[in-house]
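Heads up, the numbering used here is the position in the sequence shown plus 121, with the first residue counted as 1.
Even for Gly, the Cβ is constructed at its ideal location relative to N, Cα and C.
Fair warning: this is a prediction, and the values are worked out from it, not measured in the lab.
The structure under discussion appears below in the form of C-alpha cells.
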Amino acid sequence: MRWIRLGLRLFLGCVFAATTLAAQQPEVRTTFRVKYIADGALYIDGGRNAGLIEGNKLEIKRKDTTALPSGTSTVKAPRIIARLVVLSVAESSAVCEVTSANDEVQAGDLASLLPEDARALVERQAATGNRKYLQVITFSEGDPLDEEVRDAIPRPPLAEINRPRGRLGFEYGGLAGHGSGGARSTQLGVVLRADVTRIGASYWNFSGYWRGRVNSRRGTQQETLNDLINRTYHLGFTYSKPTSPWVAGFGRLYVPWASSLSTIDGGYVGRKLGNGPIVGLFAGSTPDPTTWNYNPDRRIAGAFVSFEGGSWDALRYTSTFGLGISSIRWRIERPFAFFEHGFFYKRVISVYHTLEADRPRAPAGMTGNTAGVSRSFLTFRVQPHQRVSFDLSHNYFRDIPTFDSRLVSTGLVDKLLFQGFSGGVRVELPRRISVYTNVGRSTKSGDARSSWNQMYGLTFGEVPWVHLRADLRYSKFDSAFGRGSYRALSLSREFGENIRIEVQGGQQTFVSPLTAQSQSHYVTTTFDWSLGTHYFLGSGFTLQRGAAQSYDLWFLNFGYRF
C-alpha cells in the first residue's frame, strides 16, 4: 500500500511539472479580429502584447461558396478579401492600412499574419524567456491604451474646419417715387449670407447677412423701408478658442456680454482672467435704426467686465458692468455707465435687467445736466410648461426714444412702444398654432389718467389645405413720445426645398413729434428659387404709401450658393 501511494504522488508531480512547463511556453497568436474601420484605415485587437511591430503584413480571408467545374456540387473555399500593413502599434491594439482590397472589409473579419511574419513572430516569442503574468488595471476615466490607438488613427479634418456655407449674389433694382417730383432711380447691389467656421483650421469664424447698394443712378436717392431693415442684420468675424483666454469680433455685431448696447459697426476684444471674469474693450458706430437712442452719426467706445457662472441644467447667472463714452460727429455727447444682469433656472424661470446711466453734455451757454438713469428695462419670465409662458416687464426712458418710426408696423420696435409695466402670455396650441398677447399700463407726466397699451398676435405654423405659414398682429400704444396703432400680416410658403414665397403687409397710425408721417401702409413680396445645387434666383417688390414717403421698389438678384 505504501508503494502505491508513493507511485501516485510521483505521477501527480510529473503531471504538475509538465503543466507548468507548458504554461511557460510562449503562446503565439497570429490571427486578429478587426475592431474598427475608418476611411481606409482599421485597427485590430492585438498590439505589442501579441508581438506585433510596425510593418507586419496581414491578409483577410473569407470563405465563399464556389461551384465545381462539373456543376454537380459546390465547395467553400477561402478567398483573400484584403491585404494590410501595420502602421502604428499600441499595447493592445494596432492601426493597419489597407494596401489592396477585393471586397469590402467589415468589422469582425479575421486578419492573419503572412507566413514569413508569423515565423519571425514565433522566433521573437521563443527568444524572450520572460514569464508573463496576468494583470488587472482599472481606470477612473477611459482607457489610455484605447485613447492612444484612437489618436493614431488617420481621420479626415473635422466637418467644422473650413466649412463654408452661404450664398453670394448681385442685385439689380429700381425705385419709382410717387411724391412731389416723382424721382426714379436704378441701383446695383450685393447680397451675402455666410456661415464659415474655423477658417484655415484656425478659430476665426465668419457669419451673418448683408444686403446693400453698390451705387445708384438717376434721381434723388432716398432711404427706403428695405434699407432700414437691412441695417438690422449682422455680419462679422469672431474669434473664440477653447484653450485661449482671448476673444474678439469685428464687423456689424453685438458685444456678446453687453447686448443692451445694441448693434455696432466696429469690434470688441476681450480676455478671460483665469476662471474669473472677462474684461474687454469695444468701439464702433450705431447703425441699427431700432435702437432706442438711434443716431446714424453716433459713435461709442468703452470697457466692460463680465462675470458668469452656474450650469445650464440648473441655476445660471451673468453680470456685466461697463463704462463708455458717446460722441456725435466726433464731439463728446455724454459719458455713460451700463449694467446688465441675468439669472436663469433651467428653462423655467429667467430674470433679465439692463440699466444705462449717463450725464448728457449741456449745450453751450446752458446749465449742465445732472447724472441719472437714462434707460431701464426689466423682464421676468416663467415657463411652467413647454407650451405656456408668462412674462412681466417694466420699461423706462428718461428721454424720448429716437428709433426710426417707419419701422413701427414691422414689429421690430415693439419693445420700445410700451412704457411702464406690462405683462404677457404665450400659448402653443395643437396643430402648430400660437396665441400671444401683451398688455400694459403707463402714466405720463401731466396726464389726467393712465393709458393702456395692447398687443395681440396669432401664428399658424401651417394653415390647413393651403400649407401657408401665417402671422397676424395688432398693437395699440400710447406713450410719452407718441400714440397710435398698427396691423401686420405675414404669409409664407415653401414648395419643396427649392422655392420659397413670402408676402408681408402692414398699416400703421403714428402721431408723434418724431415724424410727419402719421399714416402709412406697405406691402412687400419676396421670391427665392434655388437653381440646382449651386445657384439661386430671387426677386421682390415693395409698395409703400404714406405722407412722407410714397414709392414702388423692385429688385432681381442672381448668385452662387456654396
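Runs of the alpha helix (DSSP H) lying entirely within the stretch 343-423 and spanning at least 4 residues, in chain order: 346-351. Counting along the chain, L538 sits inside the alpha helix (DSSP H) bounded by residues D535 to L538. Bridge pairing for P285: V317 [DSSP]. The beta carbon of Y415 sits closer than 6 angstroms to the beta carbons of T523 and F524 from its chain, once the five residues preceding and following it are set aside; these are given in chain order. W413 and D520 have their alpha carbons spaced roughly 10 angstroms apart. Spatial neighbours of N559 in its own chain (CB-CB distance under 6 angstroms, excluding positions within 5 residues in sequence) are listed in chain order as S543, G545 and M576. The beta carbons of G395 and G372 sit no closer together than 7 angstroms.
According to the DSSP assignment, P505 belongs to the beta strand (DSSP E) that extends over G493 to H506. Nearest neighbour of A369 by Cα position, chosen from K393, N351 and R552, turns out to be K393. Here R245 has G172 as same chain residues with Cβ atoms under 8 angstroms from its own Cβ, once five neighbours each way along the sequence are excluded. Going by beta carbons, V210 and G176 fall outside the 7 angstroms limit. The C-beta of I620 has fewer than 16 other C-beta atoms within 10 Å across all chains shown, which makes the residue exposed. Rounded to whole angstroms, the Cβ separation of K182 and I158 is 17 angstroms, and the two are not in contact under 8 angstroms.
Distance from F428 to F403 at the Cβ level is roughly 17 angstroms; contact not present, criterion being Cβ atoms closer than 8 angstroms. In this structure, the alpha-carbon of R334 lies about 4 angstroms from that of G310. Setting aside the 5 residues that flank it on each side, E549 is surrounded in the same chain by Q507, R508, V509 and S555, each with a C-beta closer than 8 angstroms to its C-beta; the list follows chain order. Straight across, the Cα-Cα distance linking T318 with A435 is about 30 angstroms. Cβ neighbours of R150 within its own chain (closer than 7 angstroms, five residues either side excluded): G167 and A171. Of the other Cβ atoms in all chains shown, 16 or more fall within 10 Å of the Cβ of N326; this residue is therefore buried. Annotated as proximal: G287 and D316, with beta-carbon spacing under 7 angstroms. Judged by DSSP in its simplified three-state form, P236 adopts helix. For secondary structure counted as the beta strand (DSSP E) over 3 or more consecutive residues, the stretch 432-459 holds these complete runs in sequence order: 436-449. R502 is positioned such that its CB atom lies closer than 7 angstroms to that of D512.
S213 carries a coil assignment under DSSP once its states are collapsed to helix, strand and coil. Here A668 really is in contact with Q640; their C-beta atoms are around 7 angstroms apart, less than 8 angstroms.
Between R480 and G443, the alpha-carbon positions lie close to 15 angstroms from each other.
The beta carbon of L664 sits closer than 6 angstroms to the beta carbons of V644 and D673 from its chain, once the five residues preceding and following it are set aside; these are given in chain order. Around the beta carbon of T364, a 10 Å sphere encloses fewer than 16 other beta carbons of the protein chains shown; the residue is thus reported as exposed. The Cβ-Cβ distance between H462 and S440 falls below 7 angstroms.
For Y517, the enclosing beta strand (DSSP E) stretches over residues V509 to F518. For S611 and G430, the gap between their C-alpha atoms comes out near 40 angstroms.
Its Cα nearest to that of R455, the residue A422 stands out among A422, F464 and R437. Taking a C-beta distance under 7 angstroms as the contact criterion, R604 and Y595 do not qualify as a contact pair.
Taking 8 angstroms as the upper bound for CB-CB distance, I165 and S213 are not in contact here, some 10 angstroms apart. A straight line joining the alpha-carbon of F657 with that of S381 spans about 36 angstroms.
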